[in-house]
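Student:
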Amino acid sequence: MKNNYVFKYIRVECPEPVEGQYWIYILECNDGSLYCGSTNDLKDRLNRHNAGEGAEWTKKRLPVVLVYFEKYDTLISAQRQEKQIKGWSVIKKENLISGKWHKITPR
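For what it's worth, the working numbering labels the leading residue of the sequence shown as 19, then goes sequentially.
(1) May I have the straight-line CA-CA distance separating residue 85 from residue 46, to the nearest angstrom?
(2) What is the DSSP secondary structure of residue 60, reduced to helix, strand or coil?
(3) Distance, Cα to Cα, residue 88 vs residue 118?
(4) Helix, strand or coil for residue 119, going by three-state DSSP, please let me know.
(5) State yes or no: is the C-beta of residue 109 within less than 8 Å of the C-beta of residue 42?
(6) What residues are listed by DSSP as bridge partners for residue 28?
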């Protein structure tokens, strides 16, 4: 059965890898779900996800598109942010992707 899903978010371009930089990223899957991960090479990781070599979640929901990323100086800080985002509601993740910071940050 052909999947006719229309992606909701604007696809963003992957930055080139930079030594010593780490990334958290959010992918939109072809069923509309969002997947968050971290890596030191975002372009390679996205290619691996779309080749079916990524997480079990994304393997079943291909293709995936990159809709958000942030750069970090340490792996620990990237993984900490990844863990935090994974605990967020879909609405909060959507606000992050859309740049609606006022709806994410408590006042």
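Every residue gets a Cβ at the ideal spot worked out from N, C-alpha and C, and that includes glycine. Please read these numbers as outputs of a predicted model, since none were measured by experiment.
Tutor: Put simply:
(1) 6 Å
(2) helix
(3) 15 Å
(4) helix
(5) no
(6) BP columns for residue 28 are empty, so no partner.
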